[in-house]
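Everything on this sheet refers to the single structure shown next.
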Amino acid sequence: MKAMIMVFGLVLAITQVNAQKMNAKDVPANVKNSLEKSYAVKDADWDKEGANYEASFEQKGIEISVVFDGAGSILETEHEIKTNELPTEILDALKRDYADFKIEEAARIETKGMITYETEIEKGRMSLDLIFEASGKLIKKNIVEEKD
Numbered sequence: 025m026k027a028m029i030m031v032f033g034l035v036l037a038i039t040q041v042n043a044q045k046m047n048a049k050d051v052p053a054n055v056k057n058s059l060e061k062s063y064a065v066k067d068a069d070w071d072k073e074g075a076n077y078e079a080s081f082e083q084k085g086i087e088i089s090v091v092f093d094g095a096g097s098i099l100e101t102e103h104e105i106k107t108n109e110l111p112t113e114i115l116d117a118l119k120r121d122y123a124d125f126k127i128e129e130a131a132r133i134e135t136k137g138m139i140t141y142e143t144e145i146e147k148g149r150m151s152l153d154l155i156f157e158a159s160g161k162l163i164k165k166n167i168v169e170e171k172d
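Okay, so the sequence shown: first residue is 25 according to the numbering used here, each after it adds one.
This is the structure in structure tokens:
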């Protein structure tokens, strides 16, 4: 289990490094081809994240982002989900530990076969980004922003 968390943390760290918007024409052809083959998408917003590429797009009303390495292999996928699609264990943890917060967004993340869930919650001026295992165990917490 610790190894899975370490892999997730490493991939998350890699994908968080210096994300820079980029033009689709500057994305390597093999990366764009991998996106088209996997998702039948030709129009996406692209970011460069270190040596990796992130495509963000909407499909059937669902926001999706996919991180590729330079060879076009998928490293991570993130699908927006409805709050009621979160595992019961996560909803229970949120009710127990963050009862005063409102869930703003939820997503299902797959990284090298490991499934985690991300929620953005808000209370007043504070916004938190939380990553959970399906079991409801909190594995990462970030303060997204505190509004003045």
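Each residue gets a CB set at the ideal place from its N, CA and C atoms; glycine is no exception.
The structure presented is a predicted model; accordingly, all values stated were derived computationally and were not measured.
| Asked | Found |
| --- | --- |
| Taking the alpha-carbon positions, what's the Ile155 to Pro52 distance? | 30 Å |
| Taking the alpha-carbon of Thr140 as reference, which of Thr107, Asn54, Gly96, Lys161 has the nearest alpha-carbon? | Lys161 |
| Within this structure, are the beta carbons of Asp69 and Ala79 separated by less than 9 Å? | yes |
| On the three-pair Cβ rule with 8 Å, is the stretch 114 to 121 touching the stretch 85 to 103? | no |
| If you follow the beta strand (DSSP E) that Tyr77 is part of, which residue opens it and which one closes it? | 76 to 83 |
| Using the Cα positions of Lys49 and Lys56, report the straight-line distance between them to the nearest angstrom. | 9 Å |
| Using a 10 Å radius around the Cβ and a threshold of 16 neighbouring Cβ atoms, would you call Val91 buried or exposed? | buried |
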